[in-house]
Amino acid sequence: MKSIAEFIAQIESNNSNYNIWVYAQQGCYKQLKNTNKSNRFSYLKRMIESHMQIIIELDNNKLKQFLLLSEINVATHIVFKNSKVTAITA
142 MKSIAEFIAQ IESNNSNYNI WVYAQQGCYK QLKNTNKSNR FSYLKRMIES
192 HMQIIIELDN NKLKQFLLLS EINVATHIVF KNSKVTAITA
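According to the numbering used here, the sequence shown is numbered sequentially starting from 142.
Structure below.
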């Protein structure tokens with residue numbers, strides 16, 4: 142686990158590509174489309190301010206998924222399948 146600021150700094154420094162998923166309903170998340178690649182980190186910061194739960198999938202990799210909980214300022218590694226969080230890992 143790390144703070145959201147640390148997490149964002151890490152993906153910015155690695156210039157990582159990512160997908161954003163936000164909570165939709167009944168334990169499921171929906172993927173957002175980010176059409177503006179040049180301001181993708183400011184877009185991510187706005188989404189964190191707008192949503193209490195966000196999932197970030199780094200580099201379109203099914204093994205690198207993180208749940209960001211803005212209310213408690215935490216980013217943690219998760220297992221995410223079929224639009225649902227199936228496990229939270231340490």
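Every residue gets a Cβ at the ideal spot worked out from N, C-alpha and C, and that includes glycine. Please read these numbers as outputs of a predicted model, since none were measured by experiment.
Margin query: If distances are taken between C-alpha atoms only, which option among 190, 172, 191 comes closest to residue 224?
Written below: 172
Margin query: If you follow the alpha helix (DSSP H) that residue 147 is in, where does it begin and where does it stop?
Written below: 145-154
Check: Which word fits residue 198, buried or exposed, when buried means at least 16 other C-beta atoms lie within 10 angstroms of its C-beta?
Finding: buried
Next item on the list: Give the secondary structure of residue 222 by DSSP, where H, G and I count as helix, E and B as strand, and everything else as coil.
Entry: strand
Check: From what residue to what residue does the alpha helix (DSSP H) around residue 213 run?
Finding: Careful: residue 213 lies outside any alpha helix (DSSP H) and carries neither H nor E.
Check: Within the chosen definition, does the region 177-193 reach the region 213-221 through at least 3 CB pairs nearer than 8 Å?
Finding: no
Margin query: Between the alpha carbons of residue 174 and residue 161, how many angstroms are there, rounded?
Written below: 8 Å
Margin query: Short of 6 Å in beta carbon distance, which residues of its chain neighbour residue 182, apart from the five on each side in sequence? Order them along the chain.
Written below: 153
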